[in-house]
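Asks:
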């Protein structure tokens, strides 16, 4: 999230973050958002009987064009997915389709890469669908596996790749909507004004993107 926010501040970025959501009330991403005057909400089963509808309504309220689940580990609910069909993207710390699916996140992915003896890992940005890590891959960045790597050392380099790959893709989508037709301009983002993106904040101890 930090990398995306920094990228949004660059001249000519053509996108802005309009909302940060986390299901963790103590999320560092929520604190970061509030410190930088970005609207931030804790939405979860503790705050709402139907968190899916609460998230959907918050996204609509803020006129989001694209939803980025940067480290958000919960499955997107059916109403939110339907409302923002083909407009939700996720960053995964591996080269999908390898090492994806339920339970494959963070350090577990890096451990699986090492256990499999893969020579290359990396980061993937993909569309979010009804099943974990099954949506179309939009962009990838490769990261070589080095002799003596641990899950932590490999993970640190993959995270660096994520922090470059995700902002680059978001900037490309903001600059050229025709490359991704499902990212539609809302009324406030038409005629060359910045696209309005919303970030799903991390709900784990993983460093915020």
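Numbering (my numbering), first residue to last: 16 to 224. Ideal Cβ positions, reconstructed from N, Cα and C, are used throughout, including at glycine.
Give every residue of the same chain whose Cβ lies closer than 6 Å to the Cβ of residue 66, excluding the five residues on either side of it in the sequence, and list them in chain order.
Replies: Excluding sequence neighbours, residue 66 sits near 58, 59, 60.
Asks: Between which residues of its own chain and residue 28 is the CB-CB distance below 8 Å, once the five residues before and five after are set aside?
Replies: The answer, listed in chain order, is 22, 186, 189, 209.
Asks: Leaving out five residues before and five after residue 19 in sequence, what residues of the same chain have Cβ atoms less than 6 Å from its Cβ?
Replies: Closer than 6 Å at Cβ, skipping near neighbours: 182.
Asks: For my contact list, residue 225 and residue 158 are in at a C-beta cut-off of 8 Å; report their separation, rounded to the angstrom.
Replies: Any answer about residue 225 is impossible in this case: the structure gives the chain only from 16 up to 224.
Asks: On the three-state DSSP scale, how would you describe residue 32?
Replies: Here residue 32 sits in strand by DSSP.
Asks: Which residue wins for smallest C-alpha separation from residue 90, given the options 171, 163, 152, 148?
Replies: Cα-wise, what sits closest to residue 90 is 148.
Asks: Name the two residues that bound the continuous alpha helix (DSSP H) containing residue 165.
Replies: Unbroken run through residue 165: none, as it is neither H nor E.
Asks: Quick check: the Cα distance between residue 98 and residue 71, rounded to an integer number of angstroms?
Replies: Whole-angstrom Cα-Cα distance: 7 Å.
Asks: Grab me the residues of residue 48's own chain with a C-beta within less than 6 Å of its C-beta, minus the 5 sequence neighbours each way, in chain order.
Replies: Closer than 6 Å at Cβ, skipping near neighbours: 35, 55.
Asks: So which of 43, 110, 141 has the shortest CA-CA distance to residue 127?
Replies: Among 43, 110, 141, the Cα nearest to that of residue 127 belongs to 110.
Asks: Expressed to the nearest angstrom, what Euclidean distance is found between the alpha-carbon atoms of residue 199 and residue 75?
Replies: With a pLDDT of 39 at residue 199, under the threshold of 50, the modelled position of that residue is not reliable, and no figure is offered here.
Asks: Just to confirm, is the Cβ distance from residue 169 to residue 136 under 8 Å?
Replies: Cβ atoms of residue 169 and residue 136: closer than 8 Å.
Asks: Could you give the first and the last residue of the continuous beta strand (DSSP E) run that contains residue 146?
Replies: Unbroken run through residue 146: none, as it is neither H nor E.
Asks: Quick check: the Cα distance between residue 164 and residue 129, rounded to an integer number of angstroms?
Replies: In a straight line, the C-alpha of residue 164 is about 8 Å away from that of residue 129.
Asks: Name the DSSP bridge partner or partners of residue 185?
Replies: Note: residue 185 sits in no beta bridge, so no partner.
Asks: Residue 191: which of 86, 124, 30, 69 sits nearest, CA to CA?
Replies: Among 86, 124, 30, 69, the Cα nearest to that of residue 191 belongs to 30.
Asks: What three-state label does DSSP hand residue 51 in the structure shown?
Replies: In the structure shown, residue 51 sits in coil (DSSP, three-state: anything other than H, G, I, E or B).
Asks: Which first and last residues belong to the beta strand (DSSP E) in which residue 153 is found?
Replies: From DSSP, the beta strand (DSSP E) with residue 153 extends over 152-159.
Asks: By a C-beta neighbour count over all protein chains shown, 10 Å radius and 16 as the cutoff for buried, is residue 62 buried or exposed?
Replies: Burial call: exposed.
Asks: Tell me residue 118's beta-bridge partners as DSSP assigns them.
Replies: According to DSSP, which records beta bridges pairwise, residue 118 is partnered with nothing at all.
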